[in-house]
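Following: one structure in structure tokens, then a few remarks.
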Amino acid sequence: MSWSFLTRLLEEIHNHSTFVGKLWLTVLVVFRIVLTAVGGESIYYDEQSKFVCNSGQPGCENVCYDAFAPLSHVRFWVFQIILVAMPSLMYMGYAVNKIARLDEDKGGGELEDLLRGVRHDGRRRIQGDGLMRIYVLQLVTRTALEAGFLAGQYLLYGFRVIPVFVCSFEPCPHSVDCFVSRPTEKTIFLRIMYGVTVLCLTLNVWEMLHLGIGTISYSSNMSVWTGEERCVKSISDFSAGSCVSGLSLSNLQDPDTTL
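In full-length UniProt numbering, the protein residues as written are 1 to 259.
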């Protein structure tokens with residue numbers, strides 16, 4: 001995948017998201033992808049080779065390492081990034097396809113002017129394009145995935161990386177001590193990733209509240225505006241009718257008109 005394609009992909013997601021959604025995208029790119037690619041690679045590159053147990057039994061270290069880390073931290077976070085970003089990517093593809101069809105049906109110039117006019121407000125743009133239901137669906141799915149991965153990370157790794165892991169699985173002849181490389185550094189990085197997950201989950205909840213309150217406010221304003229428009233139209237019709245009635249009455253009272 002080239003960087004130009006990735007840039008265009010992120011730009012499309014940015015254009016079809018709310019303000020809070022853009023913040024979530026920034027956290028995803030800066031804190032998750034960059035931290036996992038740069039920090040995770042440098043910290044966990046020797047996690048198995050430096051996992052040493054005080055036993056000379058062949059196969060004991062492999063079994064103990066598998067019990068210590070059923071899934072590598074870095075692979076877990078990569079899997080998390082892919083699954084959490086998937087609903088947004090699917091929504092983006094649907095949004096681009098739908099807007100392209102609207103562009104063909106209504107004319108490209110008028111639609112592009114409309115989209116450019118509301119580009120500063122992602123929520124109004126989503127409402128105007130008829131994408132609100134799909135956007136909320138992907139947001140709820142994303143939130144559920146974040147919560148699931150947060151619980152899974154706690155069940156697999158806890159909140160700290162222990163420096164010594166006691167293992168008594170076969171083929172180890174007895175309980176052996178296995179030593180983990182850089183446990184303090186890995187504990188700090190693990191808690192940073194916990195913080196990033198909690199931050200993304202908070203942004204998702206904030207965005208749902210933002211969409212809910214904004215949609216209610218938007219509907220109320222539309223109702224008031226529609227009521228005022230009907231009132232003005234009724235007054236205009238009444239005034240026009242009064243003028244016609246007055247004109248007819250004056251014609252009846254004017255003797256020159258009757259002749």
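Backbone N, C-alpha and C define an ideal beta-carbon position, used for all residues, glycine too.
This structure is a prediction, so every number in the text was calculated from the model and none was measured.
- Can you list, in chain order, the residues of its chain whose CB lies under 7 angstroms from that of residue 265, leaving out five sequence neighbours each side? The structure shown does not extend to residue 265, since the chain is modelled only from 1 through 259, so no value can be given for it.
- Under 7 angstroms, do R142 and P87 count as touching if we go by C-beta distance? Start at 1 with the first residue of the sequence shown, and residue 142 comes out as number 142. Start at 1 with the first residue of the sequence shown, and residue 87 comes out as number 87. Yes; because the gap between Cβ atoms is below 7 angstroms, this pair is in contact.
- Query: Mind pulling the alpha helix (DSSP H) runs of 4 or more residues that sit fully within the segment 57–90?
  - Reply: If only complete runs of 4 or more residues are kept, the segment 57–90 shows the alpha helix (DSSP H) at 60–68, in order along the chain.
- Query: Of all the beta strand (DSSP E) runs that stay within the bounds of the UniProt domain "Connexin cysteine-rich" (145–211), which reach a length of 3 or more residues?
  - Reply: Whole beta strand (DSSP E) segments, 3+ residues: 164–167 and 176–179.
- Message: Considering just the uninterrupted stretch of the alpha helix (DSSP H) at F19, what are its terminal residues?
- Response: As a working note, residue 19 is residue 19 in the sequence shown. Segment F19 to V27, the alpha helix (DSSP H) holding F19.
- Message: Between the alpha carbons of R191 and E207, how many angstroms are there, rounded?
- Response: The residue labelled residue 191 in the question sits at position 191 within the sequence shown. The residue labelled residue 207 in the question sits at position 207 within the sequence shown. If you take the alpha carbons of R191 and E207, they lie about 24 angstroms apart.
- Message: Output needed for M222: all residues of its chain with C-beta closer than 7 angstroms, excluding positions within five of it in sequence on either side, in chain order.
- Response: Taking the first residue of the sequence shown as 1, we reach residue 222 at position 222. Legend: pLDDT at M222 = 45, less than 50; position of this residue unreliable, value from coordinates given subsequently. Excluding positions up to five away in sequence, the list is empty.
- Message: Assuming contact is defined by CB atoms lying nearer than 7 angstroms, are F189 and I81 in contact in what I supplied?
- Response: Locating residue 189 in the sequence shown gives position 189, counting from the first residue. Locating residue 81 in the sequence shown gives position 81, counting from the first residue. Contact flag unset, no.
- Task: Ignore the nearest five residues each way along the sequence and tell me which others in Y91's own chain have a CB closer than 7 angstroms to its CB.
- Result: Stepping through the sequence shown from its first residue, residue 91 is reached at position 91. Cβ neighbours of Y91 beyond the five flanking positions: I134, Y135 and Q138.
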